[in-house]
Amino acid sequence: MNDKPRSFPLPLSSVVDQGGKKPGLFAPVATPQTATQNAALSAAQHAARPAAPRAGPAARPGASPSKSHSYAMDRAQPVAAPAPRQNPLVSEAVRRAMVARVAKQGVKDQQVLAALETVPRHLFMEEALASQAYIDASLPIGHHQTISQPYIVARMIEVMRNGGTLRRVLEIGTGCGYQAAVLSCLAQEVYSIERIKPLHELAKTNLRPLRVANLRLHYGDGMLGLPQAAPFDGIILAAAGLEVPRALLEQLTIGGRLVAPVGARAQHLELITRTGKAEWVSETLEDCHFVPLRPGTA
Ligand code: SAH
């Protein structure tokens, strides 16, 4: 991890698989996720006072305004890179410390850790919360949703990647776009779907200054997947359903891996590998806590 680039975007060549050691998978690790409490806190805060000014490009003079599109599939548009923040609470050193903690919790995939170190998580949250961006917690992003805990983001990608090359990946639940940005460092093509329109727009705004050329954001019901872009060799769900939607299983390549939180109050991560045309193998991993997967759009 010594000679990694220090700024986003990474050249893909620096993070795609270079035949590194396979990470040890499925080691049980405690994950004290606080998504529900944080989402509730966010709802209370939003009800109590007007929204804090947004972090990132939307708050900066000269940033491109959010474009409205008549088509569903959007590409993050490149604009000028953001000016570096002065706040030491969001410095690269703090980000490195966060990655070290994630590694200590059991994430071994060096490329996943490098991607986590590359993506400026504070640019995906409100200014008022940016100083907490590098603690290992899920945090509110509005609309009763949360940005996922860095550990769980890394863990899910590690399990999905399994030390291999990711060509085409689908994420269900873009939220603020953080995990999509991390995925874009590790896969050749990333598609991400969000069902809440303002969050889809927020992710576009957050991602625009990062110039992510290999990421497509889609507004819609992720439970249906994205048949027009399928098959995917990896699928990640960032929201928990009682079961994994059949449509998503059908959109995996043979050999493809899907990682999803499953359950209601008690949830666990599930890894489903497609082993044949009509054959899938499922494995139960560690406990977790995610916001619910919901049908339709809002
Ligand atoms: N990936 C995010 C986590 C977002 S939280 C991150 O980087 O931190 C989970 C998101 O899943 C929420 O924004 C929620 O609106 C979304 N979601 C829930 N059900 C969905 C569905 N059926 N289709 C698409 N998105 C969904």
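Under this note's numbering, the letters of the sequence shown match residues 27 to 324, in that order. Idealized CB from N, CA, C, for every residue including glycine. None of these values were measured; they are calculated from a predicted model.
**OP:** Express the C-alpha separation of alanine 126 and glutamate 312 in angstroms, rounding to a whole number.
**Re:** 20 Å
Subject >> Run of the beta strand (DSSP E) containing isoleucine 280, from where it starts to where it stops >> reply: 278-289
Original post:
To which residues of the same chain is serine 210 closer than 6 Å at the C-beta, ignoring the five residues directly before and after it?
Top reply: Val216, Val238, Asn240, Leu241
Subject >> Reduced DSSP secondary structure (H/G/I, E/B, other) of serine 308 >> reply: strand
Subject >> Contacts around valine 138, its chain only, beta-carbon distance under 6 Å, and the 5 residues preceding and following it disregarded >> reply: Ala180, Ile183, Glu184
**OP:** Return yes when the C-beta of isoleucine 173 is under 7 Å from any heavy atom of ligand 1, and no when it is not.
**Re:** yes
Subject >> Beta-ladder partner(s) of glutamine 171, from DSSP >> reply: Gly168
**OP:** Kindly examine ligand 1 and report whether one of its heavy atoms sits closer than 7 Å to the Cβ of cysteine 202.
**Re:** yes
Subject >> isoleucine 262 - DSSP class collapsed to helix/strand/coil >> reply: strand
Subject >> Collapsed DSSP secondary structure at arginine 127 in the structure displayed >> reply: helix
**OP:** Go ahead and pull the three-state DSSP assignment for leucine 250.
**Re:** helix
**OP:** Measuring alpha carbon to alpha carbon, tell me which of Lys134, Tyr160, Leu149 ends up nearest alanine 119.
**Re:** Tyr160
Original post:
Quick one: what does DSSP say valine 216 is sitting in, helix, strand or coil?
Top reply: strand
Subject >> Stretch-stretch touch, CB-based, cutoff 8 Å, three pairs: the segment 251-258 with the segment 269-285 >> reply: yes
Original post:
Taking the alpha helix (DSSP H) that isoleucine 183 falls in, what are its first and last residues?
Top reply: 176-187
**OP:** Taking the CB atoms as reference points, tell me whether isoleucine 198 and alanine 264 lie closer together than 8 Å.
**Re:** yes
Subject >> For alanine 324 and alanine 156, the rounded distance between their alpha carbons >> reply: 26 Å
**OP:** Tell me whether valine 195 sits in a helix, a strand or coil according to DSSP, three-state version.
**Re:** strand
Original post:
How about arginine 283 and threonine 299: do their beta carbons lie closer than 8 Å?
Top reply: yes
Original post:
Roughly how many angstroms separate the alpha carbons of leucine 115 and glutamate 153, rounded to a whole number?
Top reply: 12 Å
Original post:
From this set, Leu297, Lys134, Glu143, which residue's C-alpha is nearest methionine 326's C-alpha?
Top reply: Missing from the structure shown is residue 326; the chain here goes from 27 to 324 and no further.
Original post:
Leaving out five residues before and five after valine 41 in sequence, what residues of the same chain have Cβ atoms less than 7 Å from its Cβ?
Top reply: Note that valine 41 scores a pLDDT of 34, beneath 50, so its modelled location is shaky; the value from the coordinates is reported in the next line. Taken in chain order, the residues that qualify are Gln137, Ala140, Ala141, Cys211, Leu212.
Original post:
Using a threshold of 7 Å, is the CB atom of proline 321 nearer than that to any non-hydrogen atom of ligand 1?
Top reply: yes
**OP:** Indicate whether leucine 297 and alanine 273 have their beta-carbon atoms separated by less than 8 Å.
**Re:** no
Subject >> Identified DSSP bridge partners for histidine 294 >> reply: Val288, Asp313
Original post:
From tyrosine 204 to valine 195, what distance separates their C-alpha atoms?
Top reply: 15 Å
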